[in-house]
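Protein chains in written order, with the numbering used here: chain P, 1 to 144; chain X, 145 to 288.
2 protein chains.
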Amino acid sequence: MAALTEGLQDYLEAILLCSAEHKFVRTKHLAEKLGVKSPSVNAAVKELARLGFVEHESYGYIELTAEGRRQAESVYSKHRILYRFFAKTLSLPNDLAEDTACGIEHHLDELTLKKITRLLDFLERKMKQSEEFTSELRKALDND
Amino acid sequence: MAALTEGLQDYLEAILLCSAEHKFVRTKHLAEKLGVKSPSVNAAVKELARLGFVEHESYGYIELTAEGRRQAESVYSKHRILYRFFAKTLSLPNDLAEDTACGIEHHLDELTLKKITRLLDFLERKMKQSEEFTSELRKALDND
DNA sequence: TAATAAAGTTAGTCTAGGCTAATTATAGTC
DNA sequence: GACTATAATTAGCCTAGACTAACTTTATTA
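So this is what it looks like as structure tokens:
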């Protein structure tokens, strides 16, 4: 499949999230979500259309193609796992967890993601099973 | 302190590593280590010198300033922790662990790094204490 | 229905960070 | 001491991805 830069992956992810919120995705929504100006969105969407990840007719709505959705969901699933790790397991502040997840989500391959998921599942299972384990872990993490 | 892009952080880290290997760091070494051509190194080093992170006289050696070393070590310490996490804790292949660590090291702040370190310390302590814990964790991670 | 507001697009600029080709400096060898 | 190989630098180009300013399209509303 075609090459997707980090930046374009961010756009795909934002389109996925916006389409959950608004049903129709517009340039304006993406600009707001990503904190960029509309010409930047326009250029990115044009490139994504050229690569076959979105459909977009001029002055109209923006929609993911099947492949675009697949890619967007891949990125977003990484984001969610990482957020879980940072916010829940490590108890970092939500906005920091969010920012960190966002920064590194592009750099994890499927195998790494799978391993992290299993580690989180394991830790959560242990914590559910054992109060002692939970307090040990919390104490280890909060050792300020 | 002045702004350092991800790319410039990579150069600082490479200078730190090269200075451990070669004693005198040269453009050529950095180009090899980073997989770029020498004009790219030259431009980056020039910028780092302008920002006060390295000293470099034309056609001579490249040296970190105190601040440059501090920055480089900050990045490298993140790298090492992440490598430990990916290679040791998650048992990922060394080169994948290396690449992943390299990709995300720029995106972790000190607090996040501290929490990850504590989690790793905790897990390693538990594994040292308990064979059962170790095999449970290994089994959870290798659940193919 | 004409006027205006809002949204989208286009054109042109900038920065970071690569590259190649050509030049200049240094070092090693006859 | 001159010649050559290696290294470093400069000049100039390219791409991604941001921006502003100007323009066009669409939608709203008097």
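Beta carbons are placed, not taken as given, at the ideal position from N, Cα and C, and that holds for glycine.
Problem set entry | Spatial distance of A231 (chain X) from L285 (chain X) (CA atoms) | So the alpha carbons of these two residues sit roughly 12 Å apart.
Exercise. Should Q71 (chain P) go down as buried or exposed, given a rule of 16 or more other Cβ atoms within 10 Å for buried?
Worked result: It is buried - the Cβ of Q71 (chain P) has at least 16 other Cβ atoms within 10 Å.
For this session: Check whether the region 165 to 177 of chain X touches the region 206 to 213 of chain X, taking contact to mean three or more Cβ pairs, one atom from each stretch, closer than 8 Å.
Result: Judged by Cβ distances under 8 Å, the region 165 to 177 of chain X makes contact with the region 206 to 213 of chain X, as three or more pairs qualify.
Problem set entry | Proximity below 9 Å, CB of R244 (chain X) to CB of E268 (chain X) | The displayed chain sequence assigns Thr, not Arg, to residue 244 (chain X). No, Cβ-Cβ distance for T244 (chain X) and E268 (chain X) is not below 9 Å.
For this session: Name the two residues that bound the continuous beta strand (DSSP E) containing L92 (chain P).
Result: L92 (chain P): not part of any beta strand (DSSP E); DSSP gives it neither H nor E.
Problem set entry | Residues that DSSP places opposite E199 (chain X) in a beta bridge | E199 (chain X) pairs with X:E207.
For this session: Verify the CB distance criterion: does K232 (chain X) have a CB-CB separation below 9 Å to chain P?
Result: It does not; no Cβ of chain P falls within 9 Å.
For this session: Thinking K78 (chain P) and E105 (chain P) are a contact (beta carbons under 8 Å), I'd like their distance in whole angstroms, please.
Result: Right, the Cβ-Cβ distance comes to about 4 Å (below 8 Å), so this counts as a contact.
Exercise. For N143 (chain P), which residues in chain X fall below 8 Å Cβ to Cβ?
Worked result: Those are R262, listed as they occur along chain X.
Exercise. Between the C-alpha atoms of E67 (chain P) and E132 (chain P), what's the straight-line distance to the nearest angstrom?
Worked result: Whole-angstrom Cα-Cα distance: 46 Å.
Exercise. Are the CB atoms of F122 (chain P) and L281 (chain X) nearer to each other than 9 Å?
Worked result: It is a contact, given that the beta carbons lie within the stated cut-off.
Problem set entry | Within-9 Å CB hit, H107 (chain P) to chain X | Yes, because at least one Cβ of chain X sits closer than 9 Å to the Cβ of H107 (chain P).
Exercise. Which residues in chain X sit within 8 Å of D121 (chain P), going by Cβ to Cβ distance?
Worked result: In chain order, A284 make up the part of chain X whose C-beta sits under 8 Å from the C-beta of D121 (chain P).
Problem set entry | Extent of the continuous alpha helix (DSSP H) run through F122 (chain P) | Residues E110 to Q129.
Problem set entry | Helix, strand or coil at E169 (chain X) according to DSSP, with G and I counted as helix | This sequence places Val at residue 169 (chain X); Glu is not what is there. Strand, per DSSP.
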